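**Student:** Before we start, here is the structure in question, set down as structure tokens.
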Amino acid sequence: MKKTFFTILTSTVISLSATAQRQADYVSKFDTKIETILLNNLTGNIIVKESGKVSSFNPQSNSIDWVITDEQIGKMSGARTLNKAADFANDLDISKLLQSTDKLNFLDNTPFIQANINGKDVILNALDGKIIFNSATKPYRIVLSQYIQGEDKFLFLTTEGKEFKCVLYDLKTGEDKWATIVGTKESMLKSFSINIANKLATKDELIATDDAIYTTINNKLFKLDKQTGKINWTAPENVNRFYLSNDAKHVITMRNAGSILSSKRALNVINSDNGSQLFKEDIVTKYISYIEDWGNKFLIAHSTGFNFFDYSTGKKIWKKDAKGDDIKRVIPIDNDYLYIADNEMSLIDNDGKQKWKNFIEISDDKTDAVYFLNRIDNNKVFYLTGTYGNMVDYTSGKKIWKGNIKFDPKLPLLYAYDESTKSFLVFNDEKLYKFDPSAQEKPEAFAKVKVKDDKTLSTIGLFDWGVSLTGEYEVIGVNKDGTTKFQKTYKEPGEGARRLLKIGGMVGSSYFGLKSSLQQGLSEATYVSRDANGKIKEGYLLSDSDRQKLANKASTNNFISGAITTNITSKMNSRFKALKQNNDFAFIFARGESDQSNYLVKVRKSDGVEVDKIIIDMAKPVYEIDNVTDNLYYVYQNELRVFSKK
């Protein structure tokens with residue numbers, strides 16, 4: 047039986063041994079060449095796209111559940127919209143913003159798929175294949191799509207002629223409720239070009255209340271009247287992330303500031319009624335690590351400060367900021383805050399007072415990765431960083447072990463949590479350690495593992511017998527007594543293959559070991575909402591009526607629930623149960639020992655046995671791995687080849 051596991055993400059790929067290539071368990075042939083496939087995680091079906099067709103392949107019955115053809119889509123349109131499609135195809139600037147024809151995208155938190163089928167934007171319900179939107183019936187094309195949860199509506203950013211519009215589309219009626227001009231073709235194209243050049247790939251967001259829609263469109267924040275589409279106000283600066291306060295009276299905004307080489311963050315608060323800003327000048331800082339909303343006040347922790355602010359006055363509430371510089375991470379624990387400053391950690395209460403006498407050094411350098419830091423059993427705080435591992439008494443702030451376990455920060459650190467023993471198994475620099483919260487003495491490594499290239503190790507899996515370690519070129523099993531159970535090594539397939547392996551399963555990262563990605567957005571900021579009593583609110587963005595809807599799953603989304611039959615519900619439940627248990631295989635790219643072919647190898651982690659070896663076209667392999675069933679789906683021309691779990 048397998049236990050809970052965690053992984054540290056690095057680039058993953060690999061190469062091969064002598065198992066004979068296995069033939070596909072089933073081959074489904076399609077009419078034309080398959081452009082792309084997409085796994086439907088809700089049902090396990092494979093969505094298959096040909097140039098003029100989208101299908102749903104059911105691996106349980108080896109049959110097609112539904113098909114949507116270009117002919118069906120075309121019949122929904124008139125001559126006027128068909129002429130419009132040709133106009134869009136000839137506009138090269140606009141075509142760069144539209145979805146490419148060889149891609150399928152699931153829209154966030156929905157069973158809906160968006161596809162470009164012969165120049166027409168189509169949104170399908172993946173559960174039943176029903177077309178819920180077809181741009182062939184409209185005079186516009188979709189640039190961005192955002193689904194309004196619980197309301198059966200989409201907010202589209204569309205392009206039509208020389209205008210970009212916000213369109214509220216009603217799924218029930220199939221009609222546009224309203225359309226509001228938000229920019230010209232010239233201004234929007236320029237804005238998109240700047241963001242692409244600066245690599246500011248921030249994601250547009252939407253929050254809907256009873257009477258308003260707050261949305262970012264290409265980093266412009268709008269408040270729209272929900273009934274009419276009227277623009278109530280527009281934020282004066284670009285906004286890359288935003289949060290609506292508990293009472294919906296304030297909007298906390300963040301944007302990228304500074305140059306590409308010197309990235310900074312700028313924070314402000316907007317009055318949701320009139321769009322005015324709380325601070326005359328933004329709080330500009332290197333990065334923002336934590337935001338907490340209490341309704342009447344909010345907490346901000348960033349690289350140069352850590353304090354509460356009053357929403358009504360904008361003034362700080364604590365007399366002094368919490369001690370420490372370069373606040374990288376804040377972890378709320380009850381009414382306390384555990385936080386990292388530079389290469390140290392400390393604990394304060396909600397009045398900003400220190401609870402520990404001294405700061406605790408947790409790493410050699412402030413840039414070292416922090417892999418784990420939190421309170422665990424026995425009233426201990428456990429930390430794992432690129433250089434140290436130790437425990438601290440939560441009440442006194444004193445270290446449990448006299449000396450830290452020392453790690454090599456240049457090598458990956460992998461850890462797994464064993465729920466049965468409430469302990470951590472940690473791998474670094476060819477050594478395995480067991481961290482027991484009840485232990486009073488510093489543990490020594492219980493296993494030493496000779497690895498071909500430990501810099502490429504990326505995944506650790508926990509089993510009853512021990513752990514599996516997976517890297518670019520090998521899969522290793524280590525028993526709990528420290529002996530090696532198995533070790534499989536592979537021949538490297540070449541640099542081109544490194545970027546082609548899809549990584550499934552649970553993926554984790556260090557707290558601040560990925561600073562190079564900060565220019566991509568503001569993902570380093572954690573946002574928490576509390577009620578007036580300080581209790582963390584899980585559904586803070588939902589109105590009371592929406593919470594009531596969520597309590598009744600059948601009415602959460604009327605449009606979606608109509609397509610969710612008893613069979614689909616049963617399938618979804620079994621998949622989610624399996625997802626919590628399955629991580630039985632490693633998938634590895636490898637080059638053959640006796641030939642120059644490239645293979646995708648499937649290795650069972652429990653014993654190191656190769657169960658599959660599939661020849662792969664390395665130019666552009668099209669495949670999906672279902673981490674629930676461990677099935678592998680590979681495309682060869684017009685064939686979908688199914689390799690079932692063995």
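The sequence shown begins at 47 in the working numbering and counts up one residue at a time. Virtual Cβ for every residue (Gly too), placed ideally from N, Cα, C. Bear in mind that the values here come from a model prediction, so they are computed numbers and not experimental data.
Enumerate in chain order the residues of its own chain whose CB-to-CB distance from serine 349 is below 7 Å, with the five nearest sequence positions on each side excluded.
**Tutor:** Translated into positions along the sequence shown, residue 349 becomes position 303. Counting only Cβ-Cβ distances below 7 Å, and skipping sequence neighbours, we find Thr331, Lys332, Tyr333, Asp372 and Ile373.
**Student:** Determine the direct distance from the alpha carbon of leucine 345 to that of threonine 183, and round the result to whole angstroms.
**Tutor:** Position 137 of the sequence shown, counted from the first residue, corresponds to residue 183. Position 299 of the sequence shown, counted from the first residue, corresponds to residue 345. Approximately 48 Å, taken between the alpha carbons.
**Student:** For methionine 437 and leucine 471, what's the separation of their Cα atoms in angstroms?
**Tutor:** The residue you call residue 437 lines up with position 391 of the sequence shown. The residue you call residue 471 lines up with position 425 of the sequence shown. In a straight line, the C-alpha of methionine 437 is about 14 Å away from that of leucine 471.
**Student:** Does DSSP classify glutamate 487 as helix, strand or coil?
**Tutor:** The residue you call residue 487 lines up with position 441 of the sequence shown. Note: glutamate 487 maps to coil in three-state DSSP.
**Student:** Among all the DSSP beta bridges, which residues are the ones paired with lysine 211?
**Tutor:** Translated into the one-based positions of the sequence shown, residue 211 becomes position 165. Looking at the DSSP assignment, lysine 211 forms a beta bridge with Thr204 and Ile227.
**Student:** Quick check: leucine 393 and lysine 403, are their CB atoms within less than 7 Å of each other?
**Tutor:** In the sequence shown, residue 393 corresponds to position 347, counting from 1. In the sequence shown, residue 403 corresponds to position 357, counting from 1. Going by C-beta atoms, leucine 393 is not nearer than 7 Å to lysine 403.
**Student:** Measuring alpha carbon to alpha carbon, tell me which of Glu232, Lys211 and Gly229 ends up nearest lysine 223.
**Tutor:** Taking the first residue of the sequence shown as 1, we reach residue 223 at position 177. The residue with the shortest Cα to Cα distance from lysine 223 is Lys211.
**Student:** Classify aspartate 380: buried if its beta carbon has 16 or more other beta carbons within 10 angstroms, exposed otherwise.
**Tutor:** Within the sequence shown, numbered from 1, the residue matching residue 380 stands at position 334. By the 10 Å Cβ count, aspartate 380 comes out exposed.
**Student:** How many whole angstroms separate the CB atoms of threonine 413 and asparagine 425, which I take to be in contact at a CB cut-off of 8 Å?
**Tutor:** Position 367 of the sequence shown holds residue 413. Position 379 of the sequence shown holds residue 425. Threonine 413 to asparagine 425, Cβ: 30 Å. No contact.
**Student:** Can you check the region 325-410 for any beta strand (DSSP E) of at least 3 residues that lies completely inside it and give the ranges in chain order?
**Tutor:** Within the region 325-410, the complete beta strand (DSSP E) runs of at least 3 residues are 329-331, 334-339, 343-348, 351-356, 373-379, 382-387 and 390-395.
**Student:** What do you reckon, are the CB atoms on tyrosine 680 and tyrosine 669 nearer than 7 Å?
**Tutor:** Indexing the sequence shown from 1 puts residue 680 at position 634. Indexing the sequence shown from 1 puts residue 669 at position 623. Result yes, Cβ atoms of tyrosine 680 and tyrosine 669 sit closer than 7 Å.
**Student:** Rounding to the nearest angstrom, what Cα-Cα distance links isoleucine 610 and aspartate 71 in this structure?
**Tutor:** Numbered from its first residue, the sequence shown carries residue 610 at position 564. Numbered from its first residue, the sequence shown carries residue 71 at position 25. Any reading at isoleucine 610 needs caution, since the residue's pLDDT is 49, under 50, leaving its predicted position unreliable; the model's value is listed next. Cα-Cα distance, rounded: 29 Å.
**Student:** Buried or exposed for lysine 99, please, with buried defined as at least 16 other CB atoms from any protein chain shown within 10 angstroms of its CB.
**Tutor:** Taking the first residue of the sequence shown as position 1, residue 99 is located at position 53. Its Cβ being crowded by 16 or more others within 10 Å, lysine 99 is buried.
**Student:** Do leucine 460 and phenylalanine 473 come within 7 Å of each other at the CB atom, strictly closer than that value?
**Tutor:** The residue labelled residue 473 in the question sits at position 427 within the sequence shown. The residue labelled residue 460 in the question sits at position 414 within the sequence shown. Taking 7 Å as the Cβ cut-off, phenylalanine 473 and leucine 460 qualify as a contacting pair.
**Student:** Starting from the C-beta of isoleucine 227, find all residues in its chain whose C-beta is less than 6 Å away, skip the five residues before and the five after it, and write them out in chain order.
**Tutor:** Residue mapping note: residue 227 aligns to position 181 of the sequence shown, counting from 1. Result list for isoleucine 227: Glu209 and Lys211, in chain order.
**Student:** Just to confirm my understanding: we take phenylalanine 103, look at its own chain, exclude 5 residues before and 5 after, and list those with CB closer than 7 Å. What are they?
**Tutor:** Position 57 of the sequence shown, counted from the first residue, corresponds to residue 103. Excluding residues within five positions, the ones whose Cβ falls inside 7 Å are Ser74, Asn91, Ile92, Val94, Ile110 and Leu686.
**Student:** Output the boundary residues of the beta strand (DSSP E) element that contains tyrosine 669.
**Tutor:** Counting from 1 along the sequence shown, the entry for residue 669 is found at position 623. Run containing tyrosine 669: 669-671, per the beta strand (DSSP E) assignment.
**Student:** How should lysine 149 be labelled, buried or exposed, when 16 other C-beta atoms within 10 angstroms of its C-beta is the threshold for buried?
**Tutor:** Residue mapping note: residue 149 aligns to position 103 of the sequence shown, counting from 1. Classification of lysine 149: exposed, given that the 10 Å Cβ count is below 16.
**Student:** Return the CA-CA distance between asparagine 673 and asparagine 396, expressed in angstroms with no decimal places.
**Tutor:** For the purposes of this step, residue 673 is identified with residue 627 of the sequence shown, where counting begins at 1. For the purposes of this step, residue 396 is identified with residue 350 of the sequence shown, where counting begins at 1. Computed Cα separation, rounded: 42 Å.
**Student:** To which residues of the same chain is lysine 343 closer than 7 Å at the C-beta, ignoring the five residues directly before and after it?
**Tutor:** Residue mapping note: residue 343 aligns to position 297 of the sequence shown, counting from 1. Contacts found: Phe354, Phe355, Asp356, Tyr357 and Ile363.
**Student:** Under DSSP, the beta strand (DSSP E) around valine 285 begins and ends at which residues?
**Tutor:** In the sequence shown, counting from the first residue as 1, residue 285 sits at position 239. Careful: valine 285 lies outside any beta strand (DSSP E) and carries neither H nor E.
**Student:** Can you give me the start and stop residues for the beta strand (DSSP E) that arginine 687 sits inside?
**Tutor:** Start at 1 with the first residue of the sequence shown, and residue 687 comes out as number 641. Start and end: 685-689.
**Student:** At the level of alpha carbons, what is the spacing between leucine 214 and isoleucine 177?
**Tutor:** Taking the sequence shown and counting its residues from 1, one reaches residue 214 at position 168. Taking the sequence shown and counting its residues from 1, one reaches residue 177 at position 131. Their backbone Cα atoms lie some 17 Å apart in a straight line.
**Student:** Measure how close the beta-carbons of threonine 262 and valine 285 come, nearest whole angstrom, since I'm counting them as under 8 Å.
**Tutor:** Reading the sequence shown from its first residue, position 216 is the one you call residue 262. Reading the sequence shown from its first residue, position 239 is the one you call residue 285. Confirmed, about 6 Å.
**Student:** Applying the 10 Å Cβ sphere with the 16-neighbour rule, what's the burial state of asparagine 171?
**Tutor:** Indexing the sequence shown from 1 puts residue 171 at position 125. When all chains shown are included, asparagine 171 counts as buried.
**Student:** Leaving aside the five residues before and after aspartate 500 along the sequence, list all residues of the same chain whose C-beta is less than 8 Å from its C-beta, in chain order.
**Tutor:** The residue given as residue 500 occupies position 454 in the sequence shown. Cβ within range, chain order: Leu457, Pro458, Asp475, Glu476 and Gly517.
**Student:** Determine the DSSP secondary structure at asparagine 424, reduced to helix, strand or coil.
**Tutor:** Translated into the one-based positions of the sequence shown, residue 424 becomes position 378. Helix at asparagine 424.
**Student:** Do tyrosine 193 and phenylalanine 202 have their C-beta atoms within less than 7 Å of each other?
**Tutor:** In the sequence shown, residue 193 corresponds to position 147, counting from 1. In the sequence shown, residue 202 corresponds to position 156, counting from 1. Not a contact, by the Cβ cut-off of 7 Å.
**Student:** Going by the DSSP bridge assignment, what does isoleucine 446 pair with across the sheet?
**Tutor:** Taking the sequence shown and counting its residues from 1, one reaches residue 446 at position 400. Bridge partners of isoleucine 446: none, in fact.
**Student:** In whole angstroms, give me the CA-to-CA distance for glycine 580 and tryptophan 340.
**Tutor:** By one-based count along the sequence shown, residue 580 stands at place 534. By one-based count along the sequence shown, residue 340 stands at place 294. Those two C-alpha atoms are separated by around 7 Å.
**Student:** I'd like the list of long-range same chain contacts for glycine 449, defined as Cβ closer than 7 Å, with 5 residues on each side in sequence excluded.
**Tutor:** Along the sequence shown, one-based indexing puts residue 449 at 403. Counting only Cβ-Cβ distances below 7 Å, and skipping sequence neighbours, we find Lys488.
**Student:** Could you name the residues of the same chain whose beta carbon sits closer than 6 Å to that of glycine 321, not counting the 5 residues immediately before and after it, in chain order?
**Tutor:** Numbered from 1 along the sequence shown, position 275 holds the residue referred to as residue 321. Cβ neighbours of glycine 321 beyond the five flanking positions: Trp279.
**Student:** Taking the alpha-carbon positions, what's the tyrosine 336 to asparagine 265 distance?
**Tutor:** The residue given as residue 336 occupies position 290 in the sequence shown. The residue given as residue 265 occupies position 219 in the sequence shown. Roughly 21 Å between the two C-alpha positions.
**Student:** Is it right to say glutamate 520 is buried, meaning 16 or more other beta carbons lie within 10 angstroms of its own, or is it exposed?
**Tutor:** Within the sequence shown, numbered from 1, the residue matching residue 520 stands at position 474. Classification of glutamate 520: buried, given that the 10 Å Cβ count is 16 or more.
**Student:** Go ahead and pull the three-state DSSP assignment for alanine 636.
**Tutor:** In the sequence shown, counting from the first residue as 1, residue 636 sits at position 590. Strand at alanine 636.
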